[in-house]
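Chemist: Take a look at this one; I'll ask things after.
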Amino acid sequence: MEYEVRYYFPSEKLNDIVLKLKNIKELEMHERSYEKTMQFDHPDDTNSFYTKEIDGRFRVRVTKNSSSSKCKLSWKRRINSTTSTDVNKEEEVEVTIKYEEYDNFMFIINNVLKMKDVESYERYRTIFTNEDIEISVDEYPFGIALEIENKSSGKDSEVVVRKWVEVLGLNIKDAYRLSWDDKYSELCRKQGIEHYNHVTFGLPMPKVD
């Protein structure tokens, strides 16, 4: 089970956020990486992952930086108790795939399983960690997301997340409870911007204000 909270900020706040995290001695800063995430749906509409009953995301993600290239498959799903407290609790299962096998894996996804290509997004991610927490600074084409996720073992996951929310001077009540695609769609509606299924840098984008 994954325990996390997420906040959104204007792109102009990126340097301030990164500097604040770099000045926290307990955190280790990792290399900034480019990520592309593709989301697929079940080929049978009656078993769609996007129904309210399932409400899941089947994702293939490629991560690249100057030292490595990685690929993974992940399944993430909101459950009945996801928003029962101030900290999101979601089902998440991940499988690591050799980057060298990415093309073959995608062939199976598209041509054998015939899964539906629903949407994708690009972002740059910088991660700060210690033994208890993983804090991600995500640069989306429409704004910055700050994600605080428990990584501790044997500790109360929600207490750990709340502690780091306080360390960063944030209010747990201000966390955004839904996913990136919900935020993007919400911004497009409010700002009258065309909605794209594939959210990439260089396209006309709404902005987090």
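Residue numbering for the sequence shown follows the numbering used here, beginning at 100 and increasing consecutively. The beta-carbon is built from N, C-alpha and C at its ideal position, and this holds for glycine as well. On a predicted model such as this, the values are computed, not experimentally measured, just so you know.
Leaving out five residues before and five after P335 in sequence, what residues of the same chain have Cβ atoms less than 7 Å from its Cβ?
Modeler: Because residue 335 is not part of the residues shown, which for the chain are 100 to 308, the question remains open.
Chemist: Can you find the residues in the same chain that come closer than 8 Å, C-beta to C-beta, to K306, ignoring five residues on each side of it along the sequence?
Modeler: Excluding residues within five positions, the ones whose Cβ falls inside 8 Å are P109, S110, F241, G242, L286 and Q290.
Chemist: Just to confirm my understanding: we take I178, look at its own chain, exclude 5 residues before and 5 after, and list those with CB closer than 6 Å. What are they?
Modeler: Around I178: E190.
Chemist: Give a yes or no on whether the C-beta atoms belonging to M214 and H297 are separated by under 8 Å.
Modeler: no
Chemist: Kindly indicate which residue of D115, R105 and T299 has the alpha-carbon position closest to the one of S219.
Modeler: Sorting D115, R105 and T299 by C-alpha distance to the C-alpha of S219 places T299 at the top.
Chemist: In terms of residues, what are the limits of the beta strand (DSSP E) holding F139?
Modeler: S132 to D140
Chemist: Using a Cβ-based criterion (distance less than 7 Å to any ligand heavy atom), does K124 qualify as near the ligand ATP?
Modeler: In terms of ligand content, the structure shown is empty, and the ligand ATP therefore cannot be addressed.
Chemist: Considering only C-alpha positions, which residue in the set C170, Y133, M137 and K121 is nearest to N209?
Modeler: M137
Chemist: Please report the straight-line C-alpha distance between V186 and I196, rounded to a whole angstrom.
Modeler: 29 Å
Chemist: Roughly how far, in whole angstroms, is the beta-carbon of E69 from the beta-carbon of Y102, given that I think they are within contact range, below 8 Å?
Modeler: Since the first residue of the chain shown is 100 and the last is 308, residue 69 is not available in this structure.
Chemist: On the CB-based measure, 16 or more other CB atoms within 10 Å of its CB, does V260 come out buried or exposed?
Modeler: buried
Chemist: Taking R105 as the reference, which of R288, S284, D308 and R276 has the closest Cα?
Modeler: R276
Chemist: When we look at the beta-carbon of S167 and count the other beta-carbons within 10 Å, is it buried (16 or more) or exposed?
Modeler: exposed
Chemist: Buried or exposed, going by whether 16 or more other CB atoms sit within 10 Å of the CB of K254?
Modeler: exposed
Chemist: Quick check on I207: buried or exposed, where buried means 16 or more other Cβ atoms within 10 Å of its Cβ?
Modeler: Exposed, since its Cβ has fewer than 16 Cβ neighbours within 10 Å.
Chemist: Taking a contact to mean a Cβ-Cβ separation below 8 Å, would you say E130 touches T162 in this structure?
Modeler: no
Chemist: Could you check the C-alpha separation between L212 and K188 for me, to the nearest Å?
Modeler: Looking at the two C-alpha atoms, the distance is approximately 30 Å.
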